[in-house]
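Trainee: Mind looking over this structure? Questions follow.
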Amino acid sequence: MSSFLLYVGFGLVSASILCISAIGFTLQFGISNLFNLAFGSTMTAGAFVAYIANSNGLNIWPSLVLGAAGAALLSLFISRTIYAPFKGRVKSLFTLIMVTLGVGIILQYTMEAIWGANNVSYNMAVGRSVHVAGMIFTSTQLVVIGIAAAVSLAMHSLLKYTRVGKAMRAIAVNERLARNCGISVRRVTDYTWLLSGALSGLAGGALVMDVQILNFGTGDGFLILIVAAAVLGGIGSPYGAMLGALIIGVSSEVAAGFINPAFKTVTAFIVLGLVLLVRPTGVVSSIASAKEVAR
Amino acid sequence: MSAVSGAEAHPKRSRGRPSASPRARLARLAATGLVGALLAGCGSTAHGDTGGGSNGGSPKGVLTIAMVAAFSGPDSIDGIAEAAGCYPAARLINQAGGVMGHKIQCTAVDTRGDPADAIPAVEKLLATTPGLVAVIGPESGTANALIPIVTKAHIPLITNDGLANTDHSTNPYYWRNYPADDVGGVALALWAHKMGLDNGALFFDNSVNAQGSVPALLATYQRLGGHVVANLAVAPDGTSYGTEISKLLAAHPQVVFTETDPQTDATAFANLMTLGKPVPIYGTNATVIPQWLKAVAKVLGPTNMATYYRGVEPYAPPDGATRVFNKALLASSSQVPQPSQWLGQEYATAPYDAAVIFSLAMDSAHSTSPSVLNSHILKVTAPGTGKTIVTTYAQGVAALKAGKSIQYVGADGPTVFNRWHNSTGEFEVVQYLPNGQLKIVGLISAAQLAHAQGG
């Protein structure tokens, strides 16, 4: 039992970072119908903004906020200048995915050109060990888990209690109907890209705090798990993303502990496959069903 | 196209111009052909001879040594290290007058660490570089794909790949001045046994590069009486290795052997510090690079790093040749970013020595033909009675001009190729001090390595 709880604890840390990023990823799909493969690069960009601030003397926590802000602006810029024009001209989902892939590669290698292939890290202490109910965390990891919980709660509040959130939900289900009802789709889309971009920057910073290293490929290495979490939970659904992150984060660590560490990533995709076999649209399928994804 | 058909195709051009006589057209054609032939001849001379035979003609073209490695992507440390070796070498060679008056240039060929990218890049190099004389590289991930292509073109290469399958290479154009990964694994096992650490755990990532050391490490360690209490091959760049580390600690190892990229080990050892206190960590030569050392020192703390970490890497004697290399490296800051991080580092001194060896071989052969210089590589590196030991290119050229036979002993120490063109040398054990410097705390001789390998 004690080993199980230990592994669950490690899984919660991974799940927290996944949760923040998967919510952002799935929001973008929900509103814009765009499978944004540049999300990982945006995470990295946000992490680098935080690094610049931190390496110039700012404490890590306000640096994270700056990183989130930087990624938010970058996401909005990309959405307005690249994705929106393409969406106006191109209807094929595959073509749009390739566009996002191209954007991601351009971003990634632009960052390499600026910062080189070297690794950098934040100026911060790892944090003391904290034992909680049989699990072991560092104080920094507990804060990351707290941030993920706060983001989840804030997202729930936004979607349920605010006009913008309700507009987001409406657009995600049926954009045309939402527009006909007087919702400003363009403005809500901009808000969504700002919000999801901020989440990507925040997740990027949290990821670097966890793995200790930042380089131009940090976010992209994490992207496949983000996609898995978002799809498992039901693409387009923030609640699904939260659930998907938790399932993937915890199951992969438990599998690594009881079976073999080599199966860590494999387990995540086996779980994904099994869920999709039973529910092709993911666990929380409302948005995916409305968009007729995975029919 | 004949002038007649030209006139028919472009009737406007023919208006108002008298048509040329057949004799005049023939003369123009002949003149064009002659000019073209002259230009072709001048071009091949200017870029140096790559087809064979000596090149004593002028003008003196540039000779190219290609650095074939990953210069972008996750393995880009390989390319940066090669640049840190080749550029200082080229600087010193050119300062000494070049190779028979030819300047040496180092050209980067980016493999991105992937054969799919590497093969077209190298094929383009071979097709479009007329002054190409030699290759430094490639790295382990692309070696099996690229070595046949390069050597088929009769271009010699000196590589630092770690593949065990080239330990007994019969390819005449293949040379390796850096020990294979399996030799590094033997050295790790020897040092752990010497320190009395006979319960060991392995924490390696599952890449080809990292796993190259594992079989020899396991075999030697167990042959010396060691017990392997855990053997973990992990996927790199994960968000957490807490599970793996907790399993490893549960096995109570006295030492952890490791080779992963900086991010993976930094994450893992941060988890180690969370779960308990550190244990001795013995890393392969892949850990004795600035990026890994800084990343892991940050999570362990400088004192723990100095206490618990030891790196095992090929021995580079800190003597005059290394000082010359270091000075040239620092002077190459416009080409090598942050050069000070490579001072005396094996990953950089090996390609440095490779470039110097190629150049001295050309001087010895009085030829810039790759196939001819290849046959002189042993002549300038092998020990022998009556040979003059030289430690720099300038010394070597002066001795050769004086009619002496030479043995080049460079920044990496003696490069003694065995019959399979492999030079393994000795190994050093280093400690990473809190001030960021490396200190040699032990040596493992070539004889000890050979004996441990059963040779």
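If you read the sequences in order, they're chains X and F. If you use this note's numbering, the first sequence corresponds to residues 487 to 781, in order. If you use this note's numbering, the second sequence corresponds to residues 2 to 456, in order. Where is the CB? At the ideal position from N, CA and C, for every residue including glycine.
If you run the structure through DSSP and keep just helix, strand and coil, what is M695(X)?
Mentor: The answer is helix: DSSP assigns M695(X) an H, G or I state.
Trainee: Looking at L276(F) and the ligand MG, is the gap between the Cβ and the nearest heavy atom below 7 Å?
Mentor: With respect to small molecules bound, the structure shown includes none, and the ligand MG cannot be examined in it.
Trainee: Can you check which of these residues, N210(F), T171(F), T382(F), G345(F), is closest to G185(F) by C-alpha distance?
Mentor: When each option's Cα is compared against that of G185(F), the closest is N210(F).
Trainee: I78(F) touches chain X at which residues, Cβ-Cβ below 8 Å?
Mentor: Here the neighbours are A603.
Trainee: How many angstroms separate the CA atom of L294(F) from the CA atom of A603(X)?
Mentor: One C-alpha to the other measures close to 16 Å.
Trainee: Could you tell me whether the Cβ of G574(X) comes closer than 8 Å to any Cβ of chain F?
Mentor: It does not; no Cβ of chain F falls within 8 Å.
Trainee: Is the beta carbon of M621(X) less than 8 Å from the beta carbon of V494(X)?
Mentor: In contact: M621(X) and V494(X) (Cβ atoms closer than 8 Å).
Trainee: Closer than 8 Å by beta-carbon distance: list the chain X residues that pair up with N207(F), in chain order.
Mentor: The contacting residues are A748.
Trainee: Let's test the definition: count the other Cβ atoms within 10 Å of the Cβ of G44(F) and tell me whether it reaches 16, buried, or not, exposed.
Mentor: Caution applies to G44(F), whose pLDDT of 39 falls short of 50 and renders its modelled position unreliable; the model cannot decide the point.
Trainee: Determine, for V300(F), whether the minimum Cβ-Cβ distance to residues of chain X falls below 8 Å.
Mentor: At least one chain X Cβ lies under 8 Å of V300(F).
Trainee: So, helix, strand or coil for N423(F), using DSSP?
Mentor: The answer is strand: DSSP assigns N423(F) an E or B state.
Trainee: Residues in the same chain with beta-carbon distance under 7 Å from I378(F), minus the five sequence neighbours each way, listed in chain order, please.
Mentor: Correct list, in chain order: P157, W176, I358, A362.
Trainee: Locate the beta strand (DSSP E) running through N200(F), then write down its first and last residues.
Mentor: 200-206 is the span of the beta strand (DSSP E), which, as asked, contains N200(F).
Trainee: Does any residue of chain X bring its CB to less than 8 Å from the CB of E429(F)?
Mentor: Answer no: the Cβ-Cβ gap between E429(F) and chain X never drops below 8 Å.
Trainee: By the criterion of Cβ-Cβ separation under 7 Å, what are the contact partners of T244(F) in chain X?
Mentor: Simply Y493, F496, E739, A742, G743, P747.
Trainee: So, is A558(X) buried or exposed, given that buried needs 16 or more other C-beta atoms within 10 angstroms?
Mentor: Per the 10 Å Cβ criterion, buried.
Trainee: Name the two residues that bound the continuous alpha helix (DSSP H) containing P724(X).
Mentor: Where P724(X) is concerned, the enclosing alpha helix (DSSP H) stretches over 724-744.
Trainee: What separation, rounded to the nearest whole angstrom, lies between the Cα atoms of Y348(F) and N200(F)?
Mentor: Those two C-alpha atoms are separated by around 30 Å.
Trainee: Quick one: does K248(F) have its CB under 8 Å from some CB of chain X?
Mentor: Interface residue, yes.
Trainee: Listed from N- to C-terminal order along the chain, which residues in the segment 685-705 of chain X have their beta-carbon within a distance smaller than 7 Å of any beta-carbon of chain F?
Mentor: Hits within the stretch, in order: L693, D696, V697, Q698, I699, G703.
Trainee: Shorter than 8 Å from the beta carbon of V612(X) to some beta carbon of chain A?
Mentor: Reference to chain A is not applicable here, since the protein chains of this structure are X and F.
Trainee: State yes or no: is the beta carbon of T268(F) nearer than 8 Å to at least one beta carbon in chain X?
Mentor: It does; some Cβ of chain X falls within 8 Å.
Trainee: So which of V629(X), I633(X), D676(X) has the shortest CA-CA distance to G651(X)?
Mentor: Comparing Cα positions, the closest option is D676(X).
Trainee: Going by DSSP, name the residue or residues bridged to E260(F).
Mentor: Its beta-bridge partners are F205(F).
Trainee: Do we get a CB-CB distance below 8 Å when we pair T528(X) with the residues of chain F?
Mentor: Not one chain F Cβ lies under 8 Å of T528(X).
Trainee: Going by the beta-carbon positions, is the gap between A70(F) and G132(F) smaller than 8 Å?
Mentor: Against a cut-off of 8 Å, the Cβ pair of G132(F) and A70(F) comes out as no contact.
Trainee: First and last residue of the beta strand (DSSP E) that includes C107(F)?
Mentor: Per DSSP, C107(F) belongs to the beta strand (DSSP E) from 105-111.
Trainee: Look up P415(F) in the DSSP assignment and give the residues it is bridged to.
Mentor: Note: P415(F) sits in a beta bridge opposite V410(F).
Trainee: Using the DSSP secondary-structure output, state which residues sit across from I81(F) in a beta bridge.
Mentor: Bridge partners of I81(F): none, in fact.
Trainee: Which residues mark the beginning and the end of the beta strand (DSSP E) in which G705(X) is found?
Mentor: No beta strand (DSSP E) contains G705(X), which is instead part of the alpha helix (DSSP H) from 704-719.
Trainee: Assuming A351(F) and N232(F) are in contact, meaning their beta carbons sit under 8 Å apart, how far apart are those beta carbons, in whole angstroms?
Mentor: Wrong, their Cβ atoms sit about 29 Å apart, outside the cutoff.
Trainee: For I564(X) and chain F, any beta-carbon pair shorter than 8 Å?
Mentor: No, no contact with chain F.
Trainee: Considering only the alpha carbon of each residue, which of A399(F), P319(F), A298(F) lies closest to Y309(F)?
Mentor: Minimum Cα distance to Y309(F) is reached at A298(F).
Trainee: Show which residues of chain X have a CB atom less than 7 Å away from the CB atom of G102(F).
Mentor: Chain X residues near G102(F): none, gap ~36 Å exceeds 7 Å.
Trainee: Does the Cβ-Cβ distance between G163(F) and R113(F) come in under 8 Å?
Mentor: Taking 8 Å as the Cβ cut-off, G163(F) and R113(F) do not qualify as a contacting pair.
Trainee: Which chain X residues are close to A234(F), counting only those with a beta carbon under 7 Å from its beta carbon?
Mentor: Neighbours of A234(F) on chain X, chain order: A748.
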